[in-house]
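When the letters of the sequence shown are read in order and numbered with our numbering, they come out as residues -14 to 257.
In this text, a Cβ means the ideal position worked out from N, Cα and C, and glycines have one as well.
None of these values were measured; they are calculated from a predicted model.
One structure is given below, encoded as structure tokens.
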Amino acid sequence: MGRYKKILVAVDGSESSMHALRESFKLATKEGSWITVLSVIPPYEGDLAMTAIGNIQKAIKEPCEKALSEAEKMAKAERMLIKTVCVGGEPYEGIVDLAEGEKCDLIILGRKGMSRFERVLLGSVIVKVIGHTLCRVLVVPQNAKLTFEKILIATDGSMHSEFASQEAIDIAKRCGSNLIVLSVAKKDEDLTAAKECVDMVKKVAEKEGIKVETLIRQGVPHEVIVNTAAQKDVGLIIAGSHGRTGITKLLMGSVTERVIGHAGCAVLVWKL
-14 MGRYKKILVA
-4 VDGSESSMHA
6 LRESFKLATK
16 EGSWITVLSV
26 IPPYEGDLAM
36 TAIGNIQKAI
46 KEPCEKALSE
56 AEKMAKAERM
66 LIKTVCVGGE
76 PYEGIVDLAE
86 GEKCDLIILG
96 RKGMSRFERV
106 LLGSVIVKVI
116 GHTLCRVLVV
126 PQNAKLTFEK
136 ILIATDGSMH
146 SEFASQEAID
156 IAKRCGSNLI
166 VLSVAKKDED
176 LTAAKECVDM
186 VKKVAEKEGI
196 KVETLIRQGV
206 PHEVIVNTAA
216 QKDVGLIIAG
226 SHGRTGITKL
236 LMGSVTERVI
246 GHAGCAVLVW
256 KL
């Protein structure tokens, strides 16, 4: 895979989204990327008959303009060039449509620090964006630092995990990262297949001159992945997902969705 030449970062003025923008500058610097910063004005759901039209339009647009103004200040402080865009509509649709229209290689979204309940109901915008786009999506938790020294890829031998593994190898090669290859066996009889999975990725990565550590663990997949990332001080997890579903139901409850909701580090979702 090539470098991320065009990156779209969605902001809403929240601390988590502005943090994701700040971290995106690191990736853009490494990759030589162009950054477009988008803020979406959600539909007004109040009673227009009760409100002066001019006032309500100004009120609902103000957070968008404020977020983009803050983004421009951050970019100037970091000596980064960005393009800002403000559109109206459903947030996930605005993000997906602009990413496709601009032919972006990557969408970056911030994730709030969440309670246990909120993790179960992972931010609907994140879920919907991942479910409807064919673009790679990088989710950055609030306060997490995006680093590339150690990258974790979990593989189960499926086609989408194989493509995600290749993405991990490509990034590791470009960034000089160490690669941790993990396979989770649910039961004893899965251990042989798990070893074959990690050995296959290791063989390809070592041909590219990448330092590789392989791990085979047993347990609940998303818990093992998240715990391993924390134990190994990983800066980035790369996970595979099926392509555009048109619905979010397919993603909810999946290993990838649960990893995104619980991981303390950034998670890159590779779309097949």
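Of all the options LYS192, GLY249, LEU200, ILE(-8), which has the alpha carbon lying nearest to the alpha carbon of VAL211?
-> GLY249
Three or more C-beta pairs below 8 Å linking the stretch 55 to 72 and the stretch 14 to 32 = yes
Could you tell me which of ASP218, ILE80, GLY95 sits nearest to SER162, measuring between CA atoms?
-> ASP218
Beta-carbon separation of GLY95 and VAL124 under 9 Å?
-> yes
GLN203 Cβ short of 8 Å to the ligand GDP heavy atom set | Looking for the ligand GDP in the displayed structure turns up nothing, as the structure carries no ligands at all.
Could you tell me if ARG243 is buried or exposed, where buried requires 16 or more neighbouring beta carbons within 10 angstroms of its beta carbon?
-> buried
Over the uninterrupted alpha helix (DSSP H) stretch that includes GLU193, give me the two end residues.
-> No alpha helix (DSSP H) holds GLU193; DSSP gives it neither H nor E.
For GLY116, count neighbouring C-beta atoms within 10 Å of its own C-beta (all shown protein chains included) and say buried if the count is 16 or more, exposed if not.
-> It counts as buried.
Nearest-angstrom Cα distance between ASP(-3) and MET3?
-> 8 Å
Could you say which of ASP155, LYS180, GLY225, PRO206 lies nearest to GLY194 if we only look at CA atoms?
-> ASP155
State the CB to CB distance for the pair ALA214 and ILE222, rounded to an integer number of angstroms; the pair is presumed to be in contact (CB under 8 Å).
-> The pair is a contact, with the Cβ atoms about 5 Å apart (cut-off 8 Å).
Measure from the alpha carbon of SER18 to the alpha carbon of each residue in ILE92, SER1, PRO76, GLU75, then state which is nearest.
-> ILE92
Is the Cβ-Cβ distance between GLY220 and ALA251 less than 9 Å?
-> yes
Rounded straight-line distance, which links the Cα of ALA5 to that of LYS130 = 9 Å
Rounded distance between the beta-carbons of ILE165 and ASP90, thought under 8 Å | The pair is not a contact, with the Cβ atoms about 24 Å apart (cut-off 8 Å).
When you compare each of GLU75, GLU152, LYS11 to VAL114 by their alpha carbons, which one comes out closest?
-> GLU75
Beta-ladder partner(s) of PRO126, from DSSP | ARG96
Taking C-alpha atoms, which residue in GLU152, ASN128, PHE133 lies nearest to ALA139?
-> GLU152
Taking only the alpha-carbon atoms, compute the straight-line gap between VAL189 and LYS88 and give it to the nearest angstrom.
-> 29 Å
If we count the other Cβ atoms within 10 Å of its Cβ and call it buried at 16 or more, is ALA84 buried or exposed?
-> buried
Nearest-angstrom Cα separation, counted from GLU174 out to LYS15 = About 42 Å.
Hey, out of MET65, SER54, PRO48, ALA52, whose CA is closest to ILE20's CA?
-> MET65
With respect to the beta strand (DSSP E) encompassing SER139, which residues constitute its N-terminal and C-terminal limits?
-> Looking at the sequence shown, residue 139 is not Ser but Ala. Run containing ALA139: 135 to 139, per the beta strand (DSSP E) assignment.
Since PHE148 contacts TRP255 with CB under 8 Å, what's their CB separation in whole angstroms?
-> PHE148 to TRP255, Cβ: 6 Å. Contact.
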